[in-house]
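Visitor: My structure is below; once you've seen it, I'll send some questions.
In this note's numbering, the protein residues as written are 3 to 192.
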């Protein structure tokens with residue numbers, strides 16, 4: 003039986019999701035074959051490319067065309083940008099690969115509705131002061147926009163019956179990254 007899972011990685015801006023995912027991806031590139039194959043989903047975003055974030059930049063018009071053609075398994079809007087996860091993730095899971103999605107807590111209901119049977123939630127947590135420092139260093143926002151981003155936090159309750167793992171990312175990237183990597187390459191205990 004195919005036990006491939008969809009790992010939906012969440013956390014507020016500045017929690018270090020992109021850094022942790024890049025770390026895990028790099029480690030997989032240099033490791034012996036993992037216990038379970040892992041594919042990282044592409045995020046299609048209506049935002050220009052930026053260093054430190056792995057996504058495919060689309061114009062609003064191109065995003066709308068792809069959306070109308072059913073090219074996205076998941077899509078949402080946040081901070082005036084559109085985000086999409088391509089339907090290729092379904093083929094990857096069907097082939098037996100664990101899939102990793104850099105997601106958003108605000109749109110978790112959509113993910114649960116489509117993938118509840120395969121879903122494993124991953125919450126990246128970080129101290130608020132550390133988060134504020136990271137956001138300031140990132141430099142995407144400043145002044146009031148930065149304050150608004152720091153204050154933005156979506157309260158959520160994990161859905162009943164869906165596995166949840168928490169990764170603490172207050173310290174060294176390697177510690178949290180190795181924790182995440184072990185989770186992503188694990189096989190479910192069934």
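Even glycine gets a Cβ: it sits at the ideal position worked out from N, Cα and C.
Residue 74 and residue 186 - do their beta-carbons sit closer together than 8 Å?
Guide: Residue numbering aside, residue 186 sits at position 184 when the chain shown is read from its first letter. Residue numbering aside, residue 74 sits at position 72 when the chain shown is read from its first letter. Contact flag unset, no.
Visitor: In angstroms, rounded to a whole number, what distance separates the CA positions of residue 189 and residue 115?
Guide: Start at 1 with the first residue of the chain shown, and residue 189 comes out as number 187. Start at 1 with the first residue of the chain shown, and residue 115 comes out as number 113. So the alpha carbons of these two residues sit roughly 23 Å apart.
Visitor: Do residue 25 and residue 123 have their CB atoms nearer than 8 Å?
Guide: As a position in the chain shown, residue 25 is number 23, starting the count at 1. As a position in the chain shown, residue 123 is number 121, starting the count at 1. For residue 25 and residue 123, no; Cβs fall outside 8 Å.
Visitor: Quick check: the Cα distance between residue 7 and residue 100, rounded to an integer number of angstroms?
Guide: Along the chain shown, one-based indexing puts residue 7 at 5. Along the chain shown, one-based indexing puts residue 100 at 98. Looking at the two C-alpha atoms, the distance is approximately 5 Å.
Visitor: Tell me, to the nearest whole angstrom, how far the beta carbon of residue 105 is from that of residue 44; I am working on the premise that it is less than 8 Å.
Guide: Against the chain shown, residue 105 aligns to sequence position 103. Against the chain shown, residue 44 aligns to sequence position 42. So it is not a contact: roughly 13 Å between Cβ atoms.
Visitor: Which same chain residues, not among the five before or five after residue 165, have their C-beta less than 6 Å away from its C-beta?
Guide: In the chain shown, counting from the first residue as 1, residue 165 sits at position 163. Excluding sequence neighbours, residue 165 sits near 122.
Visitor: Between residue 48 and residue 4, what straight-line distance do the alpha-carbon atoms span, to the nearest angstrom?
Guide: Mapped onto the chain shown, residue 48 falls at position 46. Mapped onto the chain shown, residue 4 falls at position 2. When rounded, the distance between both Cα atoms is 34 Å.
Visitor: Is DSSP giving residue 137 helix, strand or coil here?
Guide: Locating residue 137 in the chain shown gives position 135, counting from the first residue. Of the three classes helix, strand and coil, the one that applies to residue 137 here is helix, per DSSP.
Visitor: Would you decide whether residue 19 is buried or exposed? Buried here means 16 or more other CB atoms lie within 10 Å of its CB.
Guide: Counting from one through the chain shown, the residue named residue 19 turns up at place 17. Buried, because 16 or more other Cβ atoms sit within 10 Å of the Cβ of residue 19.
Visitor: For residue 38, which of 85, 98, 169 has the nearest alpha-carbon?
Guide: Position 36 of the chain shown, counted from the first residue, corresponds to residue 38. When only C-alpha atoms are compared, the closest one is 98.
Visitor: How would you label residue 117, buried or exposed, when you count the other beta carbons within 10 angstroms and need 16 or more for buried?
Guide: Translated into the one-based positions of the chain shown, residue 117 becomes position 115. So residue 117 counts as buried.
Visitor: Rounded to whole angstroms, what is the Cα-Cα separation between residue 61 and residue 83?
Guide: Position 59 of the chain shown, counting from 1, holds the residue named residue 61. Position 81 of the chain shown, counting from 1, holds the residue named residue 83. Rounded to the nearest angstrom, the two C-alpha atoms are 10 Å apart.
Visitor: How should residue 168 be labelled, buried or exposed, when 16 other C-beta atoms within 10 angstroms of its C-beta is the threshold for buried?
Guide: Sequence index remark: in the chain shown, residue 168 carries index 166 (1-based). Under this definition residue 168 is an exposed residue.
Visitor: Select from 23, 16, 13 the residue whose C-alpha is nearest the C-alpha of residue 177.
Guide: Sequence index remark: in the chain shown, residue 177 carries index 175 (1-based). If we check each option's Cα against that of residue 177, 23 comes out closest.
Visitor: Span of the beta strand (DSSP E) holding residue 45?
Guide: Here residue 45 refers to the residue found at position 43 of the chain shown. That run of the beta strand (DSSP E) goes 45 to 47.
Visitor: Please state the DSSP three-state secondary structure of residue 192.
Guide: For the purposes of this step, residue 192 is identified with residue 190 of the chain shown, where counting begins at 1. Only weak support is given to the placement of residue 192: the predicted model assigns it a pLDDT of 48, under 50, and the question is left unresolved by the model.
Visitor: Less than 8 Å between the beta carbons of residue 131 and residue 13, yes or no?
Guide: Numbered from its first residue, the chain shown carries residue 131 at position 129. Numbered from its first residue, the chain shown carries residue 13 at position 11. Contact: no.
Visitor: Tell me whether residue 21 sits in a helix, a strand or coil according to DSSP, three-state version.
Guide: Working through the chain shown from its first residue, we reach residue 21 at position 19. Of the three classes helix, strand and coil, the one that applies to residue 21 here is helix, per DSSP.
Visitor: Compute the Euclidean distance between the alpha carbons of residue 184 and residue 11, then round it to the nearest angstrom.
Guide: What you label residue 184 is simply residue 182 of the chain shown in a count that begins at 1. What you label residue 11 is simply residue 9 of the chain shown in a count that begins at 1. Rounded to the nearest angstrom, the two C-alpha atoms are 14 Å apart.
Visitor: For residue 21 and residue 111, what's the separation of their Cα atoms in angstroms?
Guide: Taking the first residue of the chain shown as 1, we reach residue 21 at position 19. Taking the first residue of the chain shown as 1, we reach residue 111 at position 109. Each residue's Cα considered, the two are about 25 Å apart.
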